[in-house]
Structures are given as C-alpha cells and as structure tokens.
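S.K.: Let me give you the structure first, and then I'll get to my questions.
Protein chains: 2
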Amino acid sequence: MTQYPERVTVYEVGPRDGLQNESGTVPTADKIAFIDALSDTGLQAIEITSFVSPRWIPQLADGAEVARSIRRRPGVLYSALVPNRKGLDAALSSGMTTIAVFLSASETHNKKNVNKTIAETLRAFEDVVGPAKAAGARVRAYVSTVYGCPYEGDVDPRRVVELTKTLRDMGVYQVSLGDTIGVANPAQVERVLHMLLAEIPSDQIAMHMHDTRGTALANCLVGLGLGITTFDSSVGGLGGCPYAPGASGNLATEDLVACLHAMGIQTGVDLEKLVAASQLVSASVGRELPSRYLKAHLGQAARLLRKRS
Amino acid sequence: MTQYPERVTVYEVGPRDGLQNESGTVPTADKIAFIDALSDTGLQAIEITSFVSPRWIPQLADGAEVARSIRRRPGVLYSALVPNRKGLDAALSSGMTTIAVFLSASETHNKKNVNKTIAETLRAFEDVVGPAKAAGARVRAYVSTVYGCPYEGDVDPRRVVELTKTLRDMGVYQVSLGDTIGVANPAQVERVLHMLLAEIPSDQIAMHMHDTRGTALANCLVGLGLGITTFDSSVGGLGGCPYAPGASGNLATEDLVACLHAMGIQTGVDLEKLVAASQLVSASVGRELPSRYLKAHLGQAARLLRKRS
Numbered sequence: 039m040t041q042y043p044e045r046v047t048v049y050e051v052g053p054r055d056g057l058q059n060e061s062g063t064v065p066t067a068d069k070i071a072f073i074d075a076l077s078d079t080g081l082q083a084i085e086i087t088s089f090v091s092p093r094w095i096p097q098l099a100d101g102a103e104v105a106r107s108i109r110r111r112p113g114v115l116y117s118a119l120v121p122n123r124k125g126l127d128a129a130l131s132s133g134m135t136t137i138a139v140f141l142s143a144s145e146t147h148n149k150k151n152v153n154k155t156i157a158e159t160l161r162a163f164e165d166v167v168g169p170a171k172a173a174g175a176r177v178r179a180y181v182s183t184v185y186g187c188p189y190e191g192d193v194d195p196r197r198v199v200e201l202t203k204t205l206r207d208m209g210v211y212q213v214s215l216g217d218t219i220g221v222a223n224p225a226q227v228e229r230v231l232h233m234l235l236a237e238i239p240s241d242q243i244a245m246h247m248h249d250t251r252g253t254a255l256a257n258c259l260v261g262l263g264l265g266i267t268t269f270d271s272s273v274g275g276l277g278g279c280p281y282a283p284g285a286s287g288n289l290a291t292e293d294l295v296a297c298l299h300a301m302g303i304q305t306g307v308d309l310e311k312l313v314a315a316s317q318l319v320s321a322s323v324g325r326e327l328p329s330r331y332l333k334a335h336l337g338q339a340a341r342l343l344r345k346r347s
Numbered sequence: 039m040t041q042y043p044e045r046v047t048v049y050e051v052g053p054r055d056g057l058q059n060e061s062g063t064v065p066t067a068d069k070i071a072f073i074d075a076l077s078d079t080g081l082q083a084i085e086i087t088s089f090v091s092p093r094w095i096p097q098l099a100d101g102a103e104v105a106r107s108i109r110r111r112p113g114v115l116y117s118a119l120v121p122n123r124k125g126l127d128a129a130l131s132s133g134m135t136t137i138a139v140f141l142s143a144s145e146t147h148n149k150k151n152v153n154k155t156i157a158e159t160l161r162a163f164e165d166v167v168g169p170a171k172a173a174g175a176r177v178r179a180y181v182s183t184v185y186g187c188p189y190e191g192d193v194d195p196r197r198v199v200e201l202t203k204t205l206r207d208m209g210v211y212q213v214s215l216g217d218t219i220g221v222a223n224p225a226q227v228e229r230v231l232h233m234l235l236a237e238i239p240s241d242q243i244a245m246h247m248h249d250t251r252g253t254a255l256a257n258c259l260v261g262l263g264l265g266i267t268t269f270d271s272s273v274g275g276l277g278g279c280p281y282a283p284g285a286s287g288n289l290a291t292e293d294l295v296a297c298l299h300a301m302g303i304q305t306g307v308d309l310e311k312l313v314a315a316s317q318l319v320s321a322s323v324g325r326e327l328p329s330r331y332l333k334a335h336l337g338q339a340a341r342l343l344r345k346r347s
C-alpha cells in the first residue's frame, strides 16, 4: 500500500490568489470577516493579501488595512505577496511576519507578469529576501508555470529544479510550485517531483495545483505519495482561471480537505467551518463557487430541507 | 516511476446513465444523433439505453427505437441495461449483442433500487445471463455503492469481492464497480482493488467513479497504477447526482480522456469530436454540463474569439 503522510498543511490562498482573480472588488470589511472566518477553521496557513501596486491588482489595494485589521490567531501563519522592496516595507509595517515573492519558470510568462527576465527577477529578489529575513520575517516563493506555460508550452523541469535551488539558497524557506494554467498530469508530476526531491527536502516544496481540467486532486495525490506535505488551495475554488473565462482555477480547499480526511490524513481543518467561510466569500463576490464538495454539501442540505418540509 | 497501461478502454455511459438522471426527456431523434456523434469519436464502448420499465425510467422509454435506429460503427461495443428476462428479450430483438445487469453491494440500496434482496437479485440474474449468452450476447454487470451507501454508510469490501466472483462465475465478462455517491477516496480504492485483484484478473474489472466530491480522477489514477484498463464515464459529466441536486455525478469523459492523453495513455478518442458530442447533448438537455475540461476548452475558445474581434 502507498504510504501517505499522517498530517499535511493546507495553505489557504483564497484571500490573495482567489480574490485577485475575481472581477468584482470585495469590500475591505468583507475581506476581514472572511479571513477571520478562515482563521477559525483550523487552517495552519493563510495568504491574506498582496502588497503589489493597486495599478496592477486593484482588487487588493486595501492590503495594508486588511493586514492591520484581521484577528491573528496564535499558531496560524499569515502571509502576504510582495513584489519589491516598497511592498516589503509596507508589509512589514502592517505587521506581516511571512512574505511571499513570485516569478515564473517560463521567460515569456515572467516577462508578461512582471516585465523582467527571470534573471532580473532573481536579482530583484535580493532587495527583498535579505531585508525581510533581517527584519525577522520568513520568505516563501511562488514559481508559476512549472508544468506548462500559456505562451511557451512545455517547461523544462531542470529549470524548475535550478530555480528552486537558487531560491532556497537565497533564504526562501519554501517554494510553492504552481500549475498556473492547470495542464499538469499525474505522470508529469511524478517525473518533476522525482527530479526535485533528489535535490531538495520535501518540506521545502509545496504544490499549488489548478483544477482547470479537473486534475488537481489527482496531481496532489502523486505528491502526497512522494511525501509532499504542503498543498496550496483556495476556499470554494475562489478565483477562476484568467486564461479561460468561466473555467476553474485554484484547487478548492474543501475538495482537498475532504479527500485528505477521507484518506485518514489530518489537516486540523473543520470542514463545516470551511464551508461557512466559503459561503461568506461566495456572497461577497456574488457568484456560486466551483468546489465540487461544496456543491454536493449544499445539494444534500437542500434535499434534507425539502424532505422535512 | 509508476507503470501505467499503454492503452485503456473508455466506456461511455452518457446516453444511458447520464440521460436517465437528467430531469427532462430528450427527443428520440436527439438521442440517436448524440449516440451517432459518440460513435464517430473513436470511443470503443457505448451504453446506449436501458430496457427497464418506462414506469421506472421514463427518460429511456424509447430504448427499442434508439437501439434500432443508431448507426452501428464496426469495432464499437454497444450495450444496453437490462433488468429482467422481459428486458433481455426486448434488447435482443432490438439488435443488442451486449447487455448489462445491475445490483448494489449494499442491501438497502439494492432493495430501494430493485425491490429485491441481493440474493434474490442474483437468482433473478440466472433468468437473464444464461439466456443472453445462449443467444450469443455478452453480459456486463454493474455493482453500485461499492465504496459507500447513502443509507448504510460503509460497505464491506469482502462483500464486493464475493459479489464480483459470483457474477464472473455466472458468466459475466466484466464487472463495473460503481462509486454511486462519489464518496470513494484513493486510499480506500487502493485497498479495495488490492483485495479484488488478488482473486480476479484486471480486465474483468471496470471502474465507474463519480465526481460528486471531485475525487473521480484521483481514484481512477489509483486503478490505472494497479493495471485496471476499463473506465466508465459520461460525456460532459451528463447525469448529475440524484442524491445531491446540483452536484456532479458521473466522471466526465472529457476530463478522463484529456488526463489519459496528457499522461501518454492511448484511448483512441478524438477529444475535439468528443467536445462536439458533449455540446450536442448539452443543447438537448438545456443545461451547461459540469466537465472541467469542457469549460476550460469553451472558455479558451471564447477568449480567442474576443481577441480576434
């Protein structure tokens, strides 16, 4: 039988990665209530906002206010995305103690995303990672387009391994490897993770899978079997896919947590509370969220209500 | 690296299992056009209808007409669901050469579904399987609630193994094991399949997973790694879940085929033609189908159109 970890960390990215890809702007008070609700679910890590220029991501222009206003629950890691030194300073002065930097594994996606080459981006990280650590903050990194790029297609896994090692050597504590457009398949994930795990300890790697083609859980399963213990997801599947309007983006936290619990793997998350947080943000963004577990749960509840009445 | 089969059979159940769970009735001509479109995709097996009493499944009351009117493509297996001797005779006289019988692994679900105990159902099969084989037809069997029952909860996997052996000994060529309410998890699937494969050759078992909680592909992946080579699915995810209105039911054929192809596993299916068949039936049932791959595909197409205009 496959040996799976006994416990994993679910890294909730809905308030940042989810909301930045929703078309409407959610009121600041709603965001704070949403993050506070997430804090009460038992989640161990929550990315709450970004300190990227509001010209780039207007949806998260209120990052500083959100960071200052949420209720911080002891034991929960709160992080924020930071693009440069200015963002770092804003994050630190808003009380953040974990920040996240980001780049792509493919040149074209990186250029379109941050208007820099990958080499330039890595040099710019030196302005952020050192000072962040000097200020006592931990630094996470997101690598996008690990399993495929919307502009270049295939991505060389050796580049992913090299980037991950460079980031680790720079002082990043964990590299989250993103399937940005949801094209990864389980055989590919196995190959890429084998290459990575030959050189990097499993706790320094997180999986950030998108469910655009319904493969996110299958891909996570491969990582679980290889000992990966941190998985990014977005409550309800908040966020959508910017490359295919109407399609799914981030793996839904409910789908991930429900599957892990069914497998006997602990997450510390209370699924009922998670569903409540999901419904809260669903009301704020004004749309039904795509999580399969959520739909099944709400459908069953509706059926029971009809039976009773 | 995990060894996966080079080729698998995708067993399309949309025209039967899908349409029987859609609320509206689809015109017979639409069904015929739909099945003919499926025949042109390269699918190797299609379940086209059922010969169950129209009082039970009014959606498929036109089974005989459908069976007589479709264009049968050489090399494609066409099957129909049959509950008893009367249904068998109707199926045979409509030109069917493969039929499928069905029962549940849990007593309560079986009783509610066919108003018989499991033992009574197995005895009734003798009226069907022998005569079917004597008439030169092949017999498949569906076992429902293999991984959990909506009334009883857990299902003993030893009962599933015993039932599968009994059906095989009766002359059934393949037993399709259904996760009727979509509660299976990958660790459980591994345990159940290990027990089954210790006693039954892998080509006598098919997996019929539901995507109610988003786990169908992850569950199929486990079976693939253990050598299972037949997977049931429903184009577009047609059918929904009768136990949770609004939720997903059958695994979507597009999601399965796209994942298999990405893994380098052949199915013989042309994905573009599959999407066309999916859109055809989506128009007939008057709703958007839940396949993730389908939504991503249509979303990308819409984006390209907007760019061009």
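Line by line, the protein sequences are chains A and B. Each residue of the first sequence is one higher than the last, beginning at 39 in the working numbering. Each residue of the second sequence is one higher than the last, beginning at 39 in the working numbering. Built from N, CA and C at the ideal position, the CB exists for glycine as well.
Counting only Cβ pairs nearer than 8 Å, list the residues of chain B close to D293 (chain A).
M.R.: Looking up residue 293 (chain A) in the first sequence gives position 255. Residues of chain B passing the Cβ test: R251, G252 and T253.
S.K.: Would you report the Cα separation of G278 (chain A) and P169 (chain A), rounded to the nearest angstrom?
M.R.: In the first sequence, residue 278 (chain A) corresponds to position 240, counting from 1. In the first sequence, residue 169 (chain A) corresponds to position 131, counting from 1. When rounded, the distance between both Cα atoms is 34 Å.
S.K.: Let's see if you can read the secondary structure: which residues bound the beta strand (DSSP E) around F140 (chain B)?
M.R.: Reading the second sequence from its first residue, position 102 is the one you call residue 140 (chain B). It spans T136 to S142 - the beta strand (DSSP E) in which F140 (chain B) sits, taken as one unbroken run.
S.K.: Roughly how many angstroms lie between the CA atoms of P65 (chain A) and E200 (chain A), to the nearest whole one?
M.R.: Position 27 of the first sequence holds residue 65 (chain A). Position 162 of the first sequence holds residue 200 (chain A). Straight-line Cα distance between these residues: approximately 40 Å.
S.K.: Under a CB-based cut-off of 8 Å, is M245 (chain A) close to chain B?
M.R.: Position 207 of the first sequence holds residue 245 (chain A). Not closer than 8 Å to any Cβ of chain B, the Cβ of M245 (chain A) fails to qualify, so no.
S.K.: Per DSSP, what are the beta-bridge partners of S214 (chain B) in this structure?
M.R.: For the purposes of this step, residue 214 (chain B) is identified with residue 176 of the second sequence, where counting begins at 1. B:Y180 and B:A244, per the DSSP bridge assignment.
S.K.: Among A:S272, A:R176 and A:L141, which one has its Cα closest to the Cα of G209 (chain A)?
M.R.: Taking the first sequence and counting its residues from 1, the one referred to as residue 209 (chain A) is at position 171. G209 (chain A) has its Cα closest to that of A:R176, out of A:S272, A:R176 and A:L141.
S.K.: Around the Cβ of K333 (chain A), are there at least 16 other Cβ atoms within 10 angstroms (buried) or fewer (exposed)?
M.R.: Looking up residue 333 (chain A) in the first sequence gives position 295. Buried, since its Cβ has 16 or more Cβ neighbours within 10 Å.
S.K.: Closer than 8 Å, CB to CB, is G337 (chain B) near chain A or not?
M.R.: Along the second sequence, one-based indexing puts residue 337 (chain B) at 299. Chain A contact via Cβ: present.
S.K.: Starting from the Cα of T250 (chain B), find the closest Cα among A:D293, A:V319 and A:R251 and give me that residue.
M.R.: What you label residue 250 (chain B) is simply residue 212 of the second sequence in a count that begins at 1. If we check each option's Cα against that of T250 (chain B), A:D293 comes out closest.
S.K.: Tell whether a beta-carbon distance below 8 Å holds between A205 (chain B) and H246 (chain B).
M.R.: As a position in the second sequence, residue 205 (chain B) is number 167, starting the count at 1. As a position in the second sequence, residue 246 (chain B) is number 208, starting the count at 1. A small fix is needed here, since residue 205 (chain B) is Leu in this sequence, not Ala. Contact: no.
S.K.: The beta strand (DSSP E) that contains D100 (chain B), what's its start and end?
M.R.: Counting from one through the second sequence, the residue named residue 100 (chain B) turns up at place 62. Note, D100 (chain B): premise wrong, no beta strand (DSSP E); not H, not E.
S.K.: If you measure beta-carbon to beta-carbon, which residues of the stretch 265-293 of chain A are closer than 8 Å to chain B?
M.R.: Result list: C279, Y281, A282, P283, G284, A285, S286, A290 and D293.
S.K.: Taking just the CA atoms, how far does D241 (chain A) sit from E44 (chain A)?
M.R.: Counting from one through the first sequence, the residue named residue 44 (chain A) turns up at place 6. Counting from one through the first sequence, the residue named residue 241 (chain A) turns up at place 203. Rounded to whole angstroms, E44 (chain A) to D241 (chain A) spans 14 Å at the Cα level.
S.K.: Does any CB atom of chain B fall closer than 8 Å to the CB of Y331 (chain A)?
M.R.: Residue mapping note: residue 331 (chain A) aligns to position 293 of the first sequence, counting from 1. Yes - at least one Cβ of chain B is within 8 Å of the one on Y331 (chain A).
S.K.: Can you pull the chain B residues whose beta carbon is under 7 Å from the beta carbon of R196 (chain A), in chain order?
M.R.: What you label residue 196 (chain A) is simply residue 158 of the first sequence in a count that begins at 1. By Cβ distance, chain B contributes nothing, its closest Cβ being about 17 Å from R196 (chain A), past 7 Å.
S.K.: Going by beta-carbon coordinates alone, are I137 (chain A) and V114 (chain A) separated by less than 8 Å?
M.R.: Stepping through the first sequence from its first residue, residue 137 (chain A) is reached at position 99. Stepping through the first sequence from its first residue, residue 114 (chain A) is reached at position 76. No; because the gap between Cβ atoms is not below 8 Å, this pair is not in contact.
S.K.: Assign S61 (chain A) to one of two classes, buried (16 or more other C-beta atoms within 10 Å of its C-beta) or exposed (fewer than that).
M.R.: Position 23 of the first sequence, counted from the start, is the residue given in the question as residue 61 (chain A). Result: exposed.
S.K.: Using only the alpha-carbon positions, how far apart do T79 (chain A) and A157 (chain A) sit?
M.R.: On the first sequence, residue 79 (chain A) is found 41 positions in, with the first residue counted as 1. On the first sequence, residue 157 (chain A) is found 119 positions in, with the first residue counted as 1. One C-alpha to the other measures close to 39 Å.
S.K.: Among A:L141, A:A296 and A:T146, which one has its Cα closest to the Cα of N223 (chain B)?
M.R.: Stepping through the second sequence from its first residue, residue 223 (chain B) is reached at position 185. The shortest C-alpha separation from N223 (chain B) is found at A:A296.
S.K.: CB-CB under 6 Å to R72 (chain B), same chain, minus the five flanking residues each way: which ones, in chain order?
M.R.: Taking the second sequence and counting its residues from 1, the one referred to as residue 72 (chain B) is at position 34. It is worth fixing the name first, because residue 72 (chain B) is Phe in this sequence and not Arg. Excluding positions up to five away in sequence, the list reads L318 and V319.
S.K.: State the CB to CB distance for the pair T291 (chain B) and V273 (chain B), rounded to an integer number of angstroms; the pair is presumed to be in contact (CB under 8 Å).
M.R.: Within the second sequence, residue 291 (chain B) is the residue found at index 253, counting from 1. Within the second sequence, residue 273 (chain B) is the residue found at index 235, counting from 1. Contact flag correct, Cβ pair sits at about 4 Å.
S.K.: Would you decide whether G302 (chain A) is buried or exposed? Buried here means 16 or more other CB atoms lie within 10 Å of its CB.
M.R.: In the first sequence, the residue the question calls residue 302 (chain A) occupies position 264. G302 (chain A) is exposed by the Cβ-count criterion.
S.K.: Helix, strand or coil: which one does DSSP assign to I84 (chain A)?
M.R.: The sequence position of residue 84 (chain A) within the first sequence is 46, counting from 1. Note: I84 (chain A) maps to strand in three-state DSSP.
S.K.: Ignore the nearest five residues each way along the sequence and tell me which others in E326 (chain B)'s own chain have a CB closer than 7 Å to its CB.
M.R.: Indexing the second sequence from 1 puts residue 326 (chain B) at position 288. So the qualifying residues of the chain are S320.
S.K.: In chain order, what residues of the same chain have a beta carbon less than 7 Å from the beta carbon of V166 (chain B), not counting five sequence neighbours either side?
M.R.: Locating residue 166 (chain B) in the second sequence gives position 128, counting from the first residue. Within the same chain, V166 (chain B) has close Cβ partners V120, N122, R123, L126 and V139.
S.K.: For the beta strand (DSSP E) containing Y49 (chain A), list its first residue and its last residue.
M.R.: Stepping through the first sequence from its first residue, residue 49 (chain A) is reached at position 11. Per DSSP, Y49 (chain A) belongs to the beta strand (DSSP E) from T47 to E50.
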